[in-house]
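Numbering (full-length UniProt numbering), first residue to last: 1 to 353. Worksheet for the structure shown next.
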Ligand SMILES: NC(=O)c1ccc[n+]([C@@H]2O[C@H](COP(=O)([O-])OP(=O)(O)OC[C@H]3O[C@@H](n4cnc5c(N)ncnc54)[C@H](O)[C@@H]3O)[C@@H](O)[C@H]2O)c1
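Written out as structure tokens, the structure is:
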């Protein structure tokens, strides 16, 4: 099977490509190579005859038409997006263009191709989205996001992803495009770009500088190891029911403070400081505007219908992740010089696009 993956040079897209190729699938990676991209994530597979790379921007309709006609994929897995909430607060325009207009362009390119090739029965367009489209949950642990939770996005990022989800459903209902969707909770693991909470904490700890926690650290996220997400995505793409969406989550709720304390405890064991503990570096900073209180996924649909289960516990996944960052300085060190990395973003004090 040939899979067209958009955003394959990013954190999750590269995990999907590595896994798909290990299953014997051919992959075309379509990526614009923005600040968040790292082709080195794919160094282990880039020389394979199963792999092709196309540098293209999903805001460029003509470029997308060309990629479809040259590569003729069986399945599309659409992950390309602007993905950082803090950047969406400073520069929302990029999120509108890439996440909404870019998804519209992908749908149109896929539709043209699908019609031109006689609507092949097995063609699928899989749209990869986030649980953030559902908004913020109350603290009651019994209340979880299901596939029927009404959309209530509250940041420019989540609103742009919600809009793209609506477009995908509309292309299914109106044009019959064979789509599947998934909405996942927070991912973590190897190759996580060093502007997101977990890599920031690990790398700041190693540098002996403050570990910033927004607000009072009580915001709750439901964490999933990225390779388990990639496994779920391949299941949804290949076996998901048409027009259906699947919530994906690890059932691992942690407050941000608990998560950072867990990481500090692992680091204390694996790379002890000369004096004191890493948790001594925890520093509470001004909260993100509109910071959602809690996300938590009920993954029973994907579990029951597709038989998916995560392979690692959060304790195992965090340990694997810390060890990976300790062993892969060559990967993360050059990324620290990229635009905006290491700076406090998303305070609503700067105006971007
Ligand atoms: N990271 C998470 O925890 C998480 C959770 C749920 C869903 N998601 C979704 O999964 C997808 C991937 O997330 P990620 O964390 O891997 O993101 P990422 O920021 O690490 O990677 C995004 C990739 O998309 C590419 N890209 C961005 N704009 C593009 C454009 N205009 N044209 C072509 N390529 C472009 C970038 O170059 C990059 O390689 C996103 O759609 C995101 O909304 C992420």
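Built from N, CA and C at the ideal position, the CB exists for glycine as well.
| Query | Result |
| --- | --- |
| Counterpart residues of residue 2 in DSSP-defined beta bridges | 26 |
| Backbone CA spacing between residue 254 and residue 266 [nearest angstrom] | 16 Å |
| Residues that DSSP places opposite residue 14 in a beta bridge | Answer is none; residue 14 lacks a bridge partner. |
| Proximity to residue 301 [Cα-Cα], best of 277, 235, 324, 263 | 235 |
| Residue burial classification, residue 64 (beta-carbon count within 10 angstroms, cutoff 16) | buried |
| Contact under 8 Å by Cβ, residue 201 with residue 211 | yes |
| Beta-carbon contacts of residue 321 that lie in its chain and below 7 Å, excluding the five residues immediately before and after | 188, 189, 190, 198 |
| Cβ-based burial, residue 23 [other Cβ within 10 Å; buried from 16] | exposed |
| Cβ separation of residue 233 and residue 128, assumed to be a contact under 8 Å, to the nearest whole Å | 6 Å |
| Secondary structure, beta strand (DSSP E): runs of 3+ residues fully inside the region 165–249 | 179–184, 211–214, 220–222, 245–248 |
| Own chain, CB closer than 7 Å to residue 159, minus 5 neighbours either side, in chain order | 153 |
| Alpha carbon of residue 257 to alpha carbon of residue 16, nearest angstrom | 29 Å |
| Cβ-based neighbour list, residue 311, same chain, cut-off 6 Å, excluding 5 preceding and 5 following | 228 |
| Assigned exposure category for residue 351 - 16 Cβ within 10 Å defines buried | Confidence at residue 351 is low in this model, with a pLDDT of 47, below 50, so the placement of that residue is unreliable and no value is reported for it. |
| Nonlocal neighbours in the same chain, by C-beta distance under 6 Å from residue 297, ignoring five residues either side | 131, 145, 185, 222, 247, 249 |
| Residue 335 versus residue 326: straight-line alpha-carbon distance, rounded | 15 Å |
| Local conformation of residue 84 per DSSP, three classes | coil |
| Any non-hydrogen atom of ligand 1 within 7 Å of residue 57 CB | yes |
| Proximal residues to residue 306 (C-beta, below 6 Å), its chain only, five neighbours per side dropped | 235, 239 |
| Spatial distance of residue 204 from residue 13 (CA atoms) | 25 Å |
| Residues bridged to residue 253 (per DSSP) | 222 |
| Counterpart residues of residue 52 in DSSP-defined beta bridges | 28 |
| Ligand 1 heavy atom lying under 7 Å from the CB of residue 145 | no |
| Strand pairing of residue 294, partner residues [DSSP] | 220 |
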